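All remarks here apply to the structure that follows.
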Amino acid sequence: MKSSVQAVKGTRDYYPEEMGLRNLLYSTARAVSESFGYQEWDSPFLETLDLYAAKSGEELVKEQAFVFPDRGGDLITLRPELTPSLARMVAQRQRQLVYPLRWWSWGPCWRYERPQKGRTREFFQWNVDLIGVDSPQADAEMIALAASFIRQIGLQPSQVSILVNNRALISSELSRMGVPTEKSKQVFRLIDRRDKMSSESWEAYALELGLNPDQLQGLKNLLADQELWRKSPDLTACFDLIEALGLKDYVRFAPQIVRGLDYYTGTVFEAWDNDGEFRAILGGGRYDNLVAAVGGDPLPAVGFAMGDLVVSLVLKKFKALPPDLGASPAKVLVTVFDESSLHSSFAVAADLRRHGFPTAVYPEVAKLSTQLKYGDRMGFWVILMLGPDELAQDQITIKDLRRGEQQTIPQAELVEQLRYLLPPPA
RNA sequence: GUGGGUGUAGCUCAAUGGCAGAGCACCUGACUGUGGAUCAGGUGGUUGUGGGUUCGACCCCCAUCACCCACCCCA
6 MKSSVQAVKG TRDYYPEEMG LRNLLYSTAR AVSESFGYQE WDSPFLETLD
56 LYAAKSGEEL VKEQAFVFPD RGGDLITLRP ELTPSLARMV AQRQRQLVYP
106 LRWWSWGPCW RYERPQKGRT REFFQWNVDL IGVDSPQADA EMIALAASFI
156 RQIGLQPSQV SILVNNRALI SSELSRMGVP TEKSKQVFRL IDRRDKMSSE
206 SWEAYALELG LNPDQLQGLK NLLADQELWR KSPDLTACFD LIEALGLKDY
256 VRFAPQIVRG LDYYTGTVFE AWDNDGEFRA ILGGGRYDNL VAAVGGDPLP
306 AVGFAMGDLV VSLVLKKFKA LPPDLGASPA KVLVTVFDES SLHSSFAVAA
356 DLRRHGFPTA VYPEVAKLST QLKYGDRMGF WVILMLGPDE LAQDQITIKD
406 LRRGEQQTIP QAELVEQLRY LLPPPA
């Protein structure tokens with residue numbers, strides 16, 4: 006029934022199955038990051054409020070971050086994202102680090118928001134950044150790394166795409182249409198909302214911003230122009246490299262992607278499920294001003310972040326999750342027949358562990374059907390049985406649950422048989 | 001911060017204001033050495049909580065808490 010003490014609003018409990026998914030995301034993020042030569046870093050979960058006030062949008066931080074005074078009265082923030090901490094750490098050692106930096110991180114972040122589908126107050130975020138280089142090659146690598154993750158986690162190009170644009174390209178097109186530079190920030194916001202509003206209210210919003218009808222039509226043409234990227238040398242080079250990396254199927258140009266944040270300066274990208282059912286799976290781009298914003302010297306950078314929630318929803322939707330997330334980490338279960346054979350069962354289990362096979366042994370004497378059912382439900386691959394019949398002849402029975410077969414063999418051949426039936430020992 | 005919805009068995013959900021139910025899960029047995037499948041039986045409830053209306057409340061009303069969805073926002 007309902008427990009009297011509840012979990013904190015917006016948090017999740019990680020039962021073994023959910024922990025399996027969390028670990029899958031983490032291990033995949035790690036594997037992909039490292040395959041591109043990125044190093045893991047981390048920061049404190051607690052930061053000063055000042056760190057986030059240094060960025061634009063300080064009002065959002067005050068309203069959406071967990072902020073509380075420490076005993077000395079300083080305002081402490083539970084980190085709502087990783088990038089400001091990264092910028093702080095880079096600025097602190099800016100002269101001693103070896104560039105380009107290839108850094109990745111994974112960890113919990115907190116935002117004080119109303120929980121809803123795909124959004125909790127505590128979540129995990131994967132962050133990847135390439136710092137110190139201002140080149141389309143760097144942009145291409147970042148997009149390719151994101152695409153590699155999507156492929157590695159088991160999502161197909163028919164299911165998920167990475168949409169790429171360039172803010173500098175859109176800016177120059179806007180000024181060519183006579184949109185004043187001081188309006189570009191608002192127009193980016195307008196573009197960002199294109200798919201979130203009805204076309205009538207979107208056009209009304211555009212005219213409200215002061216666009217004339219010609220400029221509005223020009224903007225609509227712009228957003229419909231799938232070949233616009235050819236006008237951008239950066240995007241042209243970027244797409245060419247992504248093709249060389251063999252990931253072109255996941256990536257396409259999308260002029261409506263501009264990102265909501267103000268600090269992006271060039272290439273921007275987001276990964277979406279192709280039905281547009283959820284929010285962006287991941288998002289990022291080039292941000293060449295952020296390190297300077299926290300007190301360092303100007304340093305170009307490109308990166309992206311991915312929360313654990315939306316990608317999990319997408320994986321569930323496409324049934325791309327491995328079926329054994331809640332299974333026992335051991336593949337072998339040794340049953341216990343009766344009091345007199347208990348010692349032998351435990352000895353077999355110990356011997357298998359010494360040979361590198363993770364092995365569980367049933368922890369009490371119980372009916373065999375109970376033990377088999379347990380083994381089945383916990384996802385073991387093989388169950389070992391040794392009762393009076395086997396023990397009398399130094400034999401053991403191996404039941405292969407996945408094939409529904411069993412055989413009785415000399416105990417001396419057990420390890421050899423398991424090497425055949427199981428993944429290689431650790 | 002704003003609006004809407006839902007709270008009934010472990011889970012998913014039924015039940016004109018009139019005996020609180022089903023499916024799944026679980027336990028037992030059919031099957032004293034064999035999981036998944038089938039069949040039979042069984043355990044399981046202060047209907048979120050507190051008030052009110054009523055002869056009578058899961059149902060109507062008020063309050064409260066929790067969760068969900070959307071808006072807002074998304075670093």
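Residue numbers (the numbering used here): 6 to 431.
Virtual Cβ for every residue (Gly too), placed ideally from N, Cα, C.
For clarity, every value in this text was computed on a predicted model and none was experimentally measured.
By alpha-carbon positions, which one of Glu275, Ala276, Gly271, Trp277 ends up nearest to Arg291?
For the residues Glu275, Ala276, Gly271, Trp277, the minimum Cα distance to Arg291 belongs to Gly271.
Closest residue to Glu232 among Phe258, Pro238, Leu221, Lys253 (Cα-Cα distance)
Minimum Cα distance to Glu232 is reached at Phe258.
Backbone CA spacing between Val95 and Pro218 [nearest angstrom]:
Spanning the two alpha carbons is a distance of roughly 46 Å.
Apart from the five residues on each side of it in sequence, which residues of its chain come closer than 6 Å, Cβ to Cβ, to Leu174?
Cβ neighbours of Leu174 beyond the five flanking positions: Ser237.
Classify Gln3: buried if its beta carbon has 16 or more other beta carbons within 10 angstroms, exposed otherwise.
Because the chain spans 6 through 431 in this model, residue 3 falls outside it and cannot be assessed.
In whole angstroms, give me the CA-to-CA distance for Tyr268 and Pro21.
Looking at the two C-alpha atoms, the distance is approximately 39 Å.
Nearest by alpha-carbon distance to Asn170: which of Gly159, Gln164, Arg235 is it?
Closest by alpha carbon: Arg235.
Does the structure place the stretch 237-249 close enough to the stretch 141-158 that three or more beta carbon pairs sit under 8 Å?
In this structure the stretch 141-158 touches the stretch 237-249; the number of beta carbon pairs closer than 8 Å is three or more.
Can at least three beta-carbon pairs, one atom from the stretch 33-52 and one from the stretch 149-160, be found at a separation below 8 Å?
Counting C-beta pairs closer than 8 Å gives three or more between the stretch 33-52 and the stretch 149-160, which meets the contact rule.
Report yes if the C-beta distance between Arg198 and Trp207 is below 8 Å; otherwise report no.
Yes, Cβ-Cβ distance for Arg198 and Trp207 is below 8 Å.
Should Leu135 and Val307 be called a contact, given that it needs their Cβ atoms to be closer than 8 Å?
The Cβ atoms of Leu135 and Val307 lie closer than 8 Å to each other.
Can you list, in chain order, the residues of its chain whose CB lies under 7 Å from that of Tyr117, leaving out five sequence neighbours each side?
Sequence-distant partners of Tyr117 (beyond 5 residues in either direction) whose C-beta falls short of 7 Å from its own C-beta, in its chain, are Gln69, Ala70, Phe71, Arg126.
Going by other Cβ atoms of all chains shown within 10 Å of its Cβ, with 16 needed for buried, is Phe50 buried or exposed?
It counts as exposed.
Complete runs of the alpha helix (DSSP H) confined to the stretch 274-359 [at least 4 residues]:
Counting only runs of 4 or more, we get 295-298, 313-322, 347-359.
Which residue or residues does DSSP assign as beta-bridge partners of Asp405?
DSSP, once it has assigned bridges, lists Val387, Glu410 as partnering Asp405.
Please classify Met390: is it buried, with 16 or more other beta-carbons within 10 angstroms of its beta-carbon, or exposed?
So Met390 counts as buried.
Beta-carbon within less than 6 Å of Leu419's beta-carbon, same chain only, minus the 5 sequence neighbours each way: which residues are those?
Taken in chain order, the residues that qualify are Ile401.
Buried or exposed by the 16-neighbour rule on C-beta atoms within 10 Å, applied to Tyr19
Label assigned to Tyr19: exposed.
Are the stretch 356-368 and the stretch 332-343 touching by the rule of at least three beta carbon pairs closer than 8 Å?
Yes, they touch.
Output needed for Tyr104: all residues of its chain with C-beta closer than 6 Å, excluding positions within five of it in sequence on either side, in chain order.
Once the five neighbours on either side are set aside, the close Cβ partners of Tyr104 are Gly137.
For Ala143, the three-state DSSP class (helix, strand or coil)
Secondary structure at Ala143: helix, using DSSP grouped into helix, strand and coil.
In this structure, how does DSSP classify Pro218 when only helix, strand and coil are distinguished?
It is helical.
Look at the alpha carbon of Leu377 and the alpha carbon of Lys322, and state the distance between them as a whole number of angstroms.
So the alpha carbons of these two residues sit roughly 32 Å apart.
For Ser177, name the three-state secondary structure that DSSP assigns.
Ser177 falls in the helix class under three-state DSSP.
For Thr413, collect the residues of the same chain with a Cβ closer than 6 Å to its Cβ; drop the 5 residues on either side in sequence, then sort them by chain order.
Excluding residues within five positions, the ones whose Cβ falls inside 6 Å are Gln400, Thr402.
Bridge partner(s) assigned by DSSP for Ala365
DSSP lists Leu338 as partners of Ala365.
Please state whether the Cβ-Cβ distance between Leu224 and Ala211 is less than 8 Å.
With respect to Ala211, Leu224 sits close: the two C-beta atoms are nearer than 8 Å.
Give every residue of the same chain whose Cβ lies closer than 8 Å to the Cβ of Thr16, excluding the five residues on either side of it in the sequence, and list them in chain order.
Excluding residues within five positions, the ones whose Cβ falls inside 8 Å are Thr125, Arg126, Glu127.
Under 8 Å by Cβ, that's how I've got Ser110 and Leu87 pegged, so tell me the actual separation to the nearest angstrom.
Between Leu87 and Ser110 the Cβ distance is about 5 Å, and since that is below 8 Å, they are a contact.
Determine the DSSP secondary structure at Gln121, reduced to helix, strand or coil.
Taken through DSSP and simplified to helix, strand or coil, Gln121 comes out as strand.
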